[in-house]
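> Reminder that position 223 of the sequence shown reads as 223 in UniProt numbering, one-by-one numbering, no gaps.
Just so you know, even glycine gets a beta-carbon here, dropped at the ideal spot from N, CA and C.
As the structure is a prediction and not an experimental result, all values here were calculated from the model.
Here you go, one structure.
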Amino acid sequence: MANDSGKTERRKLIKRDVDAARHEAGDPNTRVILWDSELLGFGCRVYPSGAKTFVLSYRTNGRKRLLTIGRYGTLTVEQARKMARAELVKAEAGTDPLEERQRDTRGETIKDLCAAYLERHASQKKSGHDDQRRIERHILPAWRNLKAASIKRADVAALHSKIGKRAPYEANRTLALVAKMFELARRWGFVPEAHINPARDIDRFKEQKRDRYIKPDELPHLAAAINAEPNESARNGLWLYLLTGARKSEILRARWDDLDLERGELRLADTKAGRTHYLPLSAPALALLREIPRQPGNPFILPGKGPRAAKATDKTAAPLVNISKPWLRVKTAATLARWRELPQVAELIDRLTEARAATISKHAAKDTDTTPSLTEIRAACDTAGLTLPPAIDDVRLHDLRRTVGSWLAQAGNSLHLIGRVLNHSNASTTQVYARFGQDNVRAALEQHGERLMGAAGLTPKADVVDMPTKHRKAG
């Protein structure tokens, strides 16, 4: 037996000795421990009250530590010795078991980990807004208040499966995000060093490559729906998307300072490809940009309202952030317009609209939408035996960018030139891009703009003069 006065007696701990042990020191604050001769550092601490707990004494990083293993009675001597041996292995590997225990007690939650991830990692990524969206939509609702260290592979697999039932691609991206978060959680000390990443060894869903794009016969309805969209910034953004082929994030973050009307190009500094991209602008794109009013104090071409909680000064200088809701309105309106071209379908939609209006309370807002959903219309047409024309509601925002590439390919442009227009980052293709000057890219986009506006039955909204060519080095 040993106490803080330094007296020590070691022999293999057995049940009989622990049962017989008493706190015989005169001072109740004196630490009394029976040390085990078999496992160095393992012992049983005896309290003045008669309670007994198993402990492990060890050193880590030059510091002497005393870890409580558990109460005698709950654990046998052999069980406690086995647990102490496992903790000693951790200590010898460089992990501090006591610090790990304290961290688990403090309980860094998934909410804490997500906040740290967004601040310390996602804020440095170009796709950080996608991470934030997935965290808010999928991860926090599932695990917000759970301890990070408590998340198991089964939890991640269940979340992945749930998302994958309707969106395999989104499920796979969320799985990759969780894997990265837990990799960083280990580095940052949110989970023990030996913690196994719970996103490991989970099979991803097979992803089908999308080849959806806007076809020429779909464009008139889509163009009319875009022009009818009440959100001016979203309306202009969708047209820029179709005319330039730039990425959504590049369009939403574009500033007036990036626009060079003299050269007829838009400077995209923060691109996915990791390099500044000078995007030549076609006549329709320039005409559109000339008509967009500049909002005082807002540097963005597509101004937004800013977060609800933001200060008034921050709101006036905010970009458009979410274009998804306007896009949903646009493609729904375009689909309805296309379906209404069939008299029988138009009549059915009118009947559904009247029936829906009849069920709306007279106290409801005057602007309450009585238009039936596309799902209701599809079901009613199935019942009536009517065949609907192809819809446009399956088109995603990114498909607008794919539309530019598809139309350029159909016009006979080379894959390498299309890659340059879309600013693809593939290294093997980039080497070939060098032989295409900006004039080639401009000509391709001019041709695309003319064809797009022609198919839509539209002309540029303003007179456009020929832009003088000022050469810039390709790169």
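Expressed to the nearest angstrom, what Euclidean distance is found between the alpha-carbon atoms of Leu242 and Tyr278?
Within the sequence shown, the letter at position 242 stands for residue 242. Within the sequence shown, the letter at position 278 stands for residue 278. Roughly 17 Å separates the two Cα atoms.
> Within 10 Å of its beta-carbon, does Ser37 have 16 or more other beta-carbons around it, so buried, or fewer, so exposed?
Within the sequence shown, numbered from 1, the residue matching residue 37 stands at position 37. Burial call: exposed.
> Measure the beta-carbon distance from Val32 to Val46 and round it to whole angstroms, keeping in mind my assumption that it falls under 8 Å.
Taking the first residue of the sequence shown as position 1, residue 32 is located at position 32. Taking the first residue of the sequence shown as position 1, residue 46 is located at position 46. With 8 Å as the limit, Val32 and Val46 qualify as a contact, their Cβ atoms being about 5 Å apart.
> Please confirm whether Ala285 and Thr276 have their CB atoms less than 8 Å apart.
For this step, residue 285 is matched to residue 285 along the sequence shown. For this step, residue 276 is matched to residue 276 along the sequence shown. Taking 8 Å as the Cβ cut-off, Ala285 and Thr276 do not qualify as a contacting pair.
> How would you call Pro198, buried or exposed, if buried means at least 16 neighbouring beta carbons within 10 angstroms?
As a working note, residue 198 is residue 198 in the sequence shown. With 16 or more other Cβ atoms within 10 Å, it is buried.
> With which residues is Ser57 paired in a DSSP beta bridge?
Locating residue 57 in the sequence shown gives position 57, counting from the first residue. DSSP, once it has assigned bridges, lists Leu66 as partnering Ser57.
> Beta strand (DSSP E) containing His277: first to last residue?
For the purposes of this step, residue 277 is identified with residue 277 of the sequence shown, where counting begins at 1. His277 -> beta strand (DSSP E) spans His277 to Pro280.
> Taking Phe42 as part of the beta strand (DSSP E), name the residues at either end of that continuous run.
Locating residue 42 in the sequence shown gives position 42, counting from the first residue. For Phe42, the enclosing beta strand (DSSP E) begins and ends at Phe42 to Val46.
> Determine which residues share a DSSP beta bridge with Thr109 and list them.
Start at 1 with the first residue of the sequence shown, and residue 109 comes out as number 109. Thr109 is bridged to Lys147.
> What does the Cβ neighbour count give for Asp27, buried or exposed, with the cut at 16 atoms within 10 Å?
Start at 1 with the first residue of the sequence shown, and residue 27 comes out as number 27. So Asp27 counts as exposed.
> Contact between the stretch 207-224 and the stretch 395-414 is defined here as three or more beta-carbon pairs at a separation below 8 Å; is this criterion met?
Short answer: they touch.
> Rounding to the nearest angstrom, what Cα-Cα distance links Lys52 and His195 in this structure?
As a first step, residue 52 is located in the sequence shown; it is residue number 52 there, counting from the start. As a first step, residue 195 is located in the sequence shown; it is residue number 195 there, counting from the start. Going by the C-alpha atoms only, they are around 30 Å apart.
> Can Thr174 and Ala148 be called in contact, C-beta distance under 8 Å?
Taking the first residue of the sequence shown as 1, we reach residue 174 at position 174. Taking the first residue of the sequence shown as 1, we reach residue 148 at position 148. No. Outside cutoff.
> Could you please give me the residues that DSSP links to Pro303 through a beta bridge?
As a position in the sequence shown, residue 303 is number 303, starting the count at 1. Bridge partners of Pro303: Pro319.
> Over the uninterrupted beta strand (DSSP E) stretch that includes Glu347, give me the two end residues.
Stepping through the sequence shown from its first residue, residue 347 is reached at position 347. Careful: Glu347 lies outside any beta strand (DSSP E), inside the alpha helix (DSSP H) at Pro343 to Thr359.
> Ordered along the chain, which non-local residues of its own chain (more than five positions away) have a Cβ less than 7 Å from that of Asn172?
Numbered from 1 along the sequence shown, position 172 holds the residue referred to as residue 172. Arg204, Phe205 and Glu207, listed in sequence order.
> Extract the residue ranges of the alpha helix (DSSP H) inside the stretch 126-178, only unbroken runs of 4 or more that lie entirely within it.
128-134, 140-143 and 153-164
> From which residue to which residue does the alpha helix (DSSP H) around Trp327 run?
Numbered from its first residue, the sequence shown carries residue 327 at position 327. Per DSSP, Trp327 belongs to the alpha helix (DSSP H) from Ser324 to Trp339.
> Relative to the ligand ATP, is the shortest distance from any of its heavy atoms to the C-beta of Leu288 smaller than 7 Å?
With respect to the ligand ATP, the structure offers nothing, as it holds no ligand at all.
> Any contact of the stretch 84-96 with the stretch 63-71, i.e. 3+ C-beta pairs under 8 Å?
yes
> Taking the alpha carbon of Leu458 as the reference point, which residue from Asn227, Glu99, Asp130 and Asp131 has its own alpha carbon closest?
Working through the sequence shown from its first residue, we reach residue 458 at position 458. Ranking Asn227, Glu99, Asp130 and Asp131 by Cα distance to Leu458 puts Asn227 first.
> Tell me whether the beta-carbon of Gly50 lies closer than 8 Å to the beta-carbon of Leu88.
Residue 50 sits at position 50 when you count from the first residue of the sequence shown. Residue 88 sits at position 88 when you count from the first residue of the sequence shown. Going by C-beta atoms, Gly50 is not nearer than 8 Å to Leu88.
> Name the residue from Ala334, Glu232, Asp369 and Trp339 whose alpha carbon lies nearest to the alpha carbon of Leu288.
One-based indexing of the sequence shown puts residue 288 at position 288. Answer by Cα proximity: Glu232.
> Can you round the beta-carbon distance between Leu146 and Gly237 to whole angstroms, since I take them to be within the 8 Å contact cut?
Taking the first residue of the sequence shown as position 1, residue 146 is located at position 146. Taking the first residue of the sequence shown as position 1, residue 237 is located at position 237. Actually they are not in contact, since the Cβ atoms of Leu146 and Gly237 sit about 38 Å apart, beyond 8 Å.
> Just reading off the beta strand (DSSP E) that Glu265 is part of, what are its end residues?
The residue you call residue 265 lines up with position 265 of the sequence shown. Glu265 -> beta strand (DSSP E) spans Glu265 to Leu268.
> Near Leu397, what residues of its chain come up, given a Cβ to Cβ distance below 8 Å and the 5 sequence neighbours on each side ignored?
Within the sequence shown, the letter at position 397 stands for residue 397. These residues qualify, in order along the chain: Tyr241, Lys248, Ile323, Ser324 and Trp327.
> Less than 8 Å between the beta carbons of Ile349 and Ile392, yes or no?
By 1-based counting over the sequence shown, the position of residue 349 is 349. By 1-based counting over the sequence shown, the position of residue 392 is 392. No, Cβ-Cβ distance for Ile349 and Ile392 is not below 8 Å.
> With a CB to CB cut of under 7 Å and the five nearest residues on each side skipped, what residues in its chain are close to Asn413?
For the purposes of this step, residue 413 is taken as the residue at position 413 of the sequence shown. Taking C-beta separations shorter than 7 Å and ignoring five residues to either side along the sequence, the partners of Asn413 in its chain run Ala444, following chain order.
> Do Arg186 and Glu193 have their C-beta atoms within less than 8 Å of each other?
Within the sequence shown, the letter at position 186 stands for residue 186. Within the sequence shown, the letter at position 193 stands for residue 193. Yes, the pair counts as a contact, with Cβ atoms nearer than the cut-off.
> Check whether the stretch 327-345 touches the stretch 287-302, taking contact to mean three or more Cβ pairs, one atom from each stretch, closer than 8 Å.
no
> Would you tell me roughly how many angstroms separate the C-alpha atoms of Pro141 and Ala20, rounded to the nearest one?
For the purposes of this step, residue 141 is identified with residue 141 of the sequence shown, where counting begins at 1. For the purposes of this step, residue 20 is identified with residue 20 of the sequence shown, where counting begins at 1. Each residue's alpha carbon lies about 53 Å from the other.
> In the DSSP assignment, find the unbroken alpha helix (DSSP H) run with Trp407 in it and report its ends.
The sequence position of residue 407 within the sequence shown is 407, counting from 1. Element bounds for Trp407: Leu397 to Gln410.
> If you follow the alpha helix (DSSP H) that Ile14 is part of, which residue opens it and which one closes it?
Counted from its first residue, the sequence shown places residue 14 at position 14. Careful: Ile14 lies outside any alpha helix (DSSP H) and carries neither H nor E.
> Thinking C-beta only, is Trp143 closer than 8 Å to Glu151?
Counting from one through the sequence shown, the residue named residue 151 turns up at place 151. Counting from one through the sequence shown, the residue named residue 143 turns up at place 143. Residue identity differs from the one stated: residue 151 is Ile in this sequence, not Glu. In contact: Ile151 and Trp143 (Cβ atoms closer than 8 Å).
> Determine which residues share a DSSP beta bridge with Leu34 and list them.
If you number the sequence shown from 1, residue 34 lands on position 34. Answer is Cys44.
> My output table needs one value for Ala427: the three-state DSSP class, helix, strand or coil.
Within the sequence shown, numbered from 1, the residue matching residue 427 stands at position 427. Residue confidence is low: Ala427 scores 41 on pLDDT, short of 50, so the model does not pin down where it sits. No coordinate-derived value is stated.
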